[in-house]
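This report refers to the structure that appears directly beneath it.
There are 2 protein chains.
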Amino acid sequence: MHLFFLPHLRNGETIIPDAGQVRHIRALRLQEGDEVSLTDGHGHLATGILEGDRKTLRIVIRSMVTSAPQVPFLTVIIAPTKNHDRLEWFVEKAVEIGVHRICLAECDNSERPVVRVDRLQRMAITALQQSQRYYLPEIETPRPFIELLEKPWPAAKFIAHCHPESTKPFLRDVLTRGADAVIAIGPEGDFSRDEVYRAEQAGWLSVSLGKSRLRTETAGLTAVHTFELTNQV
Amino acid sequence: MHLFFLPHLRNGETIIPDAGQVRHIRALRLQEGDEVSLTDGHGHLATGILEGDRKTLRIVIRSMVTSAPQVPFLTVIIAPTKNHDRLEWFVEKAVEIGVHRICLAECDNSERPVVRVDRLQRMAITALQQSQRYYLPEIETPRPFIELLEKPWPAAKFIAHCHPESTKPFLRDVLTRGADAVIAIGPEGDFSRDEVYRAEQAGWLSVSLGKSRLRTETAGLTAVHTFELTNQV
Numbered sequence: 543m544h545l546f547f548l549p550h551l552r553n554g555e556t557i558i559p560d561a562g563q564v565r566h567i568r569a570l571r572l573q574e575g576d577e578v579s580l581t582d583g584h585g586h587l588a589t590g591i592l593e594g595d596r597k598t599l600r601i602v603i604r605s606m607v608t609s610a611p612q613v614p615f616l617t618v619i620i621a622p623t624k625n626h627d628r629l630e631w632f633v634e635k636a637v638e639i640g641v642h643r644i645c646l647a648e649c650d651n652s653e654r655p656v657v658r659v660d661r662l663q664r665m666a667i668t669a670l671q672q673s674q675r676y677y678l679p680e681i682e683t684p685r686p687f688i689e690l691l692e693k694p695w696p697a698a699k700f701i702a703h704c705h706p707e708s709t710k711p712f713l714r715d716v717l718t719r720g721a722d723a724v725i726a727i728g729p730e731g732d733f734s735r736d737e738v739y740r741a742e743q744a745g746w747l748s749v750s751l752g753k754s755r756l757r758t759e760t761a762g763l764t765a766v767h768t769f770e771l772t773n774q775v
Numbered sequence: 543m544h545l546f547f548l549p550h551l552r553n554g555e556t557i558i559p560d561a562g563q564v565r566h567i568r569a570l571r572l573q574e575g576d577e578v579s580l581t582d583g584h585g586h587l588a589t590g591i592l593e594g595d596r597k598t599l600r601i602v603i604r605s606m607v608t609s610a611p612q613v614p615f616l617t618v619i620i621a622p623t624k625n626h627d628r629l630e631w632f633v634e635k636a637v638e639i640g641v642h643r644i645c646l647a648e649c650d651n652s653e654r655p656v657v658r659v660d661r662l663q664r665m666a667i668t669a670l671q672q673s674q675r676y677y678l679p680e681i682e683t684p685r686p687f688i689e690l691l692e693k694p695w696p697a698a699k700f701i702a703h704c705h706p707e708s709t710k711p712f713l714r715d716v717l718t719r720g721a722d723a724v725i726a727i728g729p730e731g732d733f734s735r736d737e738v739y740r741a742e743q744a745g746w747l748s749v750s751l752g753k754s755r756l757r758t759e760t761a762g763l764t765a766v767h768t769f770e771l772t773n774q775v
């Protein structure tokens with residue numbers, strides 16, 4: 543069943559769907575009296591009934607349940623790719639597989655590409671609906687990586703990079719089942735030595751994602767999936 | 543260093559690069575006397591020297607080594623997605639992370655989309671160069687899934703699907719480190735019950751990729767990455 547996204551949901555409420563939602567309802571050949579599922583991205587799953595005809599279409603919320611939050615909590619810090627499509631692709635796949643927060647980072651080797659956070663948020667909503675999830679990940683606007691490094695993260699902190707001089711375990715071997723994590727993925731030119739040094743000084747653990755040379759968005763995705771596999775029960 | 547792909551490489555040989563390669567050589571600002579790395583996708587890594595000027599550019603192969611094949615061997619059988627971009631994306635990412643053979647399958651619920659195998663092969667070559675690998679995965683033209691099921695695969699055989707009636711372990715828990723595997727991923731509408739039944743009769747093990755509802759190409763990618771993580775040493 544298709545899952546509709548609506549940012550504010552209240553039991554008993556009547557909602558006028560927007561033009562996109564109306565198109566979707568028609569494409570699904572739904573009619574007056576049919577049930578639809580809705581989420582607000584804050585863990586609520588509502589059931590609504592369609593009322594009215596093509597011109598007066600509305601959804602009446604009949605019941606609402608709260609789904610348990612997905613635990614543990616994963617934050618990915620990632621440097622936006624030069625090609626925006628690759629970043630969008632990362633957001634789509636990360637939401638499908640499971641991520642809670644995506645922080646965009648400006649790094650020493652970033653080319654400061656234009657990032658359209660609104661577009662990334664729309665991608666995240668589509669992926670949320672597709673994968674039938676009820677918690678919409680936060681996507682934060684780009685900030686200097688050094689600031690993000692020094693935030694007091696209440697989680698295990700990992701920085702993935704390719705510098706050979708630091709000994710690096712595989713991320714797979716240092717994630718703990720059930721423990722929150724924040725994983726940082728660098729730009730096309732990797733984190734600078736200074737960034738890695740400052741991260742390690744601030745308690746971040748350098749990790750390897752494997753022996754393959756991965757593009758930024760692929761590295762981000764393998765980090766999300768490694769976390770997901772660690773917590774599969 | 544950029545890795546050039548050339549299907550046939552012999553030590554001592556002189557190669558006239560094609561127009562695309564010449565553009566690439568110029569973009570990298572390489573000049574007469576510079577070294578370039580080349581692979582034929584059959585495990586050979588060659589070092590060549592650029593000779594000549596812009597108009598008479600050629601590469602002379604100076605040395606060649608054979609890299610050990612990546613083991614174990616992973617075959618992914620996947621139903622092409624309706625949207626060709628999603629299939630191309632899968633090929634790119636699967637090659638980056640590591641796959642040996644991709645077989646395209648026509649399934650009961652496939653919409654028989656047009657598949658451009660030549661285009662997929664070009665994507666695979668680009669990903670091979672990007673990820674500095676020396677073995678180009680084979681990409682086979684679409685065949686009926688039932689035929690592929692009954693091939694005598696010398697590997698552990700897994701079929702990933704969402705039918706609730708068969709008990710399914712997680713793929714993560716049934717892959718064996720060092721063992722070859724073939725993993726089948728169904729179309730947007732999943733494998734049919736008949737396909738799952740026939741696969742199980744033919745010795746395939748039904749598996750789950752996790753609790754998320756994944757798109758076909760995402761499912762394919764998580765299968766490749768689960769195999770990669772199992773074999774990370």
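Taken in order, these protein sequences are the chains called G and Y. Every number in the numbering used here is 542 more than the matching position in the first sequence, counting from 1. Every number in the numbering used here is 542 more than the matching position in the second sequence, counting from 1. Glycine included, C-beta positions come from ideal geometry on N, C-alpha and C. In this text, all values refer to a predicted model and were calculated from it rather than measured experimentally.
request  = Output, in chain order, the set of chain Y residues within a Cβ distance shorter than 7 Å of G640(G).
outcome  = Here the neighbours are S754.
ask   = Cβ of Q573(G) less than 7 Å from any chain Y Cβ?
value = no
message = Please classify R675(Y) as buried or exposed, where buried requires at least 16 neighbouring CB atoms within 10 angstroms.
response = buried
ask   = Apart from the five residues just before and just after S673(G), which ones in its own chain have a Cβ nearer than 6 Å to its Cβ?
value = E638
ask   = Hey, P614(G) and A698(G): beta-carbon distance below 7 Å or not?
value = Contact flag unset, no.
task = Mind checking the segment 755-773 of chain G against chain Y and listing, in chain order, the residues whose C-beta falls within less than 9 Å of any C-beta there?
result = R755, L756, R757, E759, T760, L763, T764, H767, T768, E770 and L771
Residue nearest to I619(Y) in terms of C-alpha spacing, selected from L545(Y), H642(Y), T772(Y) and H626(Y) = When only C-alpha atoms are compared, the closest one is H642(Y).
request  = At 8 Å on the CB atoms, spell out the chain A contacts of K624(Y), in chain order.
outcome  = The chain inventory of the structure shown lacks chain A, comprising the protein chains G and Y.
task = Look at the alpha carbon of S652(Y) and the alpha carbon of E577(Y), and state the distance between them as a whole number of angstroms.
result = 47 Å
Rounded C-alpha distance that separates T598(G) from V659(G) = 33 Å
key: Cutoff 8 Å; reference E692(G); Cβ partners in own chain excluding five residues on either side   = A744
task = Quick one: residues in its chain with C-beta nearer than 7 Å to the C-beta of A666(Y), no 5 flanking neighbours on either side, listed in chain order?
result = V633, V637, L678, P679 and I681
Alpha helix (DSSP H) runs contained entirely in the segment 627-662 of chain G, provided each spans 4 or more residues = none
ask   = Should H586(G) be labelled buried (16 or more other beta-carbon atoms within 10 Å of its own) or exposed?
value = buried
request  = Using a cut-off of 7 Å between C-beta atoms, extract the partners of F615(Y) located in chain G.
outcome  = By Cβ distance, chain G contributes nothing, its closest Cβ being about 16 Å from F615(Y), past 7 Å.
key: Three-state secondary structure (DSSP) of A723(Y)   = In the structure shown, the three-state DSSP call for A723(Y) is strand.
query = Can you tell me where the alpha helix (DSSP H) with V738(G) in it begins and where it stops?
reply = R735 to Q743
ask   = R643(Y) versus chain G: which residues are under 8 Å apart at the beta carbon?
value = Residues of chain G passing the Cβ test: none, with the nearest at roughly 17 Å.
query = Can you give the Cα-Cα distance for A669(G) and L763(G), rounded to whole angstroms?
reply = 14 Å
ask   = Are the beta-carbon atoms belonging to L616(Y) and F769(Y) less than 7 Å from one another?
value = yes
key: Supposed close pair D595(Y), H550(Y) - CB separation, criterion 8 Å   = The Cβ separation is near 25 Å, so there is no contact.
key: Secondary structure of R600(G), DSSP reduced to three states   = strand
request  = Anything in chain Y within Cβ reach of K635(G), meaning under 8 Å, just list it in chain order.
outcome  = T760 and L763
inquiry  = Rounding to the nearest angstrom, what Cα-Cα distance links V738(G) and D627(Y) in this structure?
reply    = 35 Å
R714(G) at chain Y interface by Cβ criterion, 7 Å = It does; some Cβ of chain Y falls within 7 Å.
message = Would Q674(G) pass as an interface residue toward chain Y - the criterion being a Cβ-Cβ separation below 7 Å?
response = Yes - at least one Cβ of chain Y is within 7 Å of the one on Q674(G).
request  = Tell whether a beta-carbon distance below 7 Å holds between I688(G) and A726(G).
outcome  = Contact flag unset, no.
Residue environment, K531(G), which counts as buried when at least 16 other CB atoms sit within 10 Å = Residue 531(G) lies beyond the residue range present for chain G, which begins at 543 and ends at 775; the question has no answer from this structure.
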